[in-house]
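Chains as they are written, first to last, in the numbering used here: chain B, 1 to 103; chain Z, 104 to 239. For glycine and all other residues, C-beta sits at the position ideal for the given N, C-alpha and C.
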């Protein structure tokens with residue numbers, strides 16, 4: 001079997017002192033997850049406000065609608081904006097697919 | 104080339120609002136910007152937790168505390184939630200500007216403030232509960 005020289009990518013994976021992987025892909029994912037957690041918190045607030053539906057229908061519905069709108073915005077707009085902004089600014093070119101085993 | 108390569112891509116033009124808020128300085132590392140965004144979101148979730156606590160106290164703890172205490176605690180929690188969300192927004196902006204201008208990060212007063220409020224609130228409610236139990 002012919003031995004091949006290690007690629008820069010392999011160096012990153014096998015180096016004992018260097019990073020195990022680039023952080024480029026994880027940062028947007030963590031940020032999107034953070035936005036999603038915030039959205040879930042807003043959903044919880046919306047649920048809690050329904051407690052006053054019987055006594056203060058208009059106020060409770062307004063508060064719930066506001067929280068739901070904020071949650072929907074959080075789930076849809078912000079993660080997309082974050083992802084796009086990051087993709088543009090980091091300009092990461094993903095690695096080409098490679099064969100792991102020889103033919 | 105196999106592996107991860109970085110190729111410079113021209114930045115898209117910033118909107119007018121963003122240019123007005125974040126003027127001057129240089130573009131920071133996007134990872135720092137995203138970390139700042141996540142810190143802001145963590146503070147917002149803390150604020151939402153305080154808001155939920157206030158709502159829950161008003162909605163579900165009618166029998167646990169006297170009305171005056173319950174209302175005071177609810178108002179305090181909701182006020183803290185509002186204050187924390189406002190401070191979080193300002194802090195996000197200050198850190199973003201510090202990153203752009205390569206200045207030291209501003210000191211956070213929110214953490215000790217929140218710690219003091221939490222300790223004071225918990226001790227107050229604990230005192231009320233103990234006094235109520237003492238009466239019984």
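(message) Please classify residue 21 (chain B) as buried or exposed, where buried requires at least 16 neighbouring CB atoms within 10 angstroms.
(response) For residue 21 (chain B), the pLDDT reaches just 49, beneath the cut-off of 50, and the residue's location in the model is therefore unreliable, although a value from the coordinates is still provided. Exposed.
(request) For the alpha helix (DSSP H) containing residue 52 (chain B), list its first residue and its last residue. (result) Per DSSP, residue 52 (chain B) lies in no alpha helix (DSSP H) and is assigned neither H nor E.
(message) Helix, strand or coil, according to DSSP, for residue 118 (chain Z) in the structure here?
(response) DSSP places residue 118 (chain Z) in the coil class of the three-state scheme, outside both helix and strand.
(request) Take the Cβ of residue 50 (chain B) as the centre, count every other Cβ of all protein chains shown within 10 Å, and call the residue buried at 16 or more, exposed below. (result) By the Cβ-count criterion, residue 50 (chain B) is exposed, with fewer than 16 other Cβ atoms from all chains shown falling within 10 Å of its own Cβ.
(request) Compute the Euclidean distance between the alpha carbons of residue 159 (chain Z) and residue 52 (chain B), then round it to the nearest angstrom. (result) Here the C-alpha atom of residue 159 (chain Z) lies approximately 11 Å from the C-alpha atom of residue 52 (chain B).
(message) Tell me the rounded alpha-carbon separation between residue 212 (chain Z) and residue 190 (chain Z).
(response) Cα-Cα distance, rounded: 9 Å.
(request) For residue 32 (chain B), count neighbouring Cβ atoms within 10 angstroms of its own Cβ and tell me buried if that reaches 16, exposed if not. (result) Of the other Cβ atoms in all chains shown, 16 or more fall within 10 Å of the Cβ of residue 32 (chain B); this residue is therefore buried.
(request) Examine the Cβ distances between the segment 174-192 of chain Z and the segment 147-157 of chain Z and report whether three or more of them are shorter than 8 Å. (result) Judged by Cβ distances under 8 Å, the segment 174-192 of chain Z makes contact with the segment 147-157 of chain Z, as three or more pairs qualify.
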